[in-house]
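According to our numbering, the sequence shown holds residues 15 to 123 in order. Even glycine gets a Cβ: it sits at the ideal position worked out from N, Cα and C. Accompanying notes for the structure given below.
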Amino acid sequence: MTDKPITDRPIDDRSASENAPQGALPSDAEVEASILAMARAREDGKSIDPSDVAKAFGPGENWQRVLPIVRRVAVRLAKEGRLLIYRKGKPVDPEAFRGVYRLGLPRED
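Written out as structure tokens, the structure reads:
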């Protein structure tokens, strides 16, 4: 067993969908862990696509059902200062964005 918190462990795309009952949606905590792990795995300054997070939880077209959860969790993390939401490459207000967006970690300067 590792001493790292669960949010620092890499996400295995297969385990998320294979371990969940058919049709079950992931919890906010599971989605949060996936968002943060995927964002940390990116090179500095690179963002992730929310659909990639959702696809980690749903085979076939089921991932689309997870997108609202990804968005809700991303907004909460952005309000907490733990995540940035980007639209057209620029950070946006988590309460007022629409359309296509990406997710990234705040830069540590």
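Thinking C-alpha only, which one of the options is nearest residue i?
i, options, result
"Pro120", "Arg86, Pro64, Phe111 and Ala53", "Ala53"
"Ile83", "Ala55, Lys93, Val67 and Ile62", "Val67"
"Asp107", "Val114, Gly118 and Lys93", "Lys93"
"Val114", "Arg56, Arg85 and Ala51", "Arg85"
"Ala110", "Val45, Ala88 and Phe71", "Ala88"
"Phe71", "Leu117, Arg112, Glu122 and Ala47", "Ala47"
"Arg96", "Pro73, Arg56 and Glu122", "Glu122"
"Gly118", "Ala55, Asp42 and Lys60", "Lys60"
"Leu91", "Pro40, Ser41 and Leu50", "Leu50"
Where do the N-terminal and C-terminal ends of the beta strand (DSSP E) with residue i fall, by residue?
i, result
"Leu91", "Run containing Leu91: none in the beta strand (DSSP E); it sits in the alpha helix (DSSP H), Leu81 to Lys93."
"Ile99", "Leu98 to Arg101"
"Leu117", "Arg116 to Gly118"
Give the range of the alpha helix (DSSP H) segment to which residue i is assigned.
i, result
"Arg54", "Asp42 to Ala55"
"Val106", "Unbroken run through Val106: none, as it is neither H nor E."
"Ala68", "Pro64 to Lys69"
Task: At least three beta-carbon pairs within less than 8 Å, the stretch 73-82 to the stretch 98-118 - done: no
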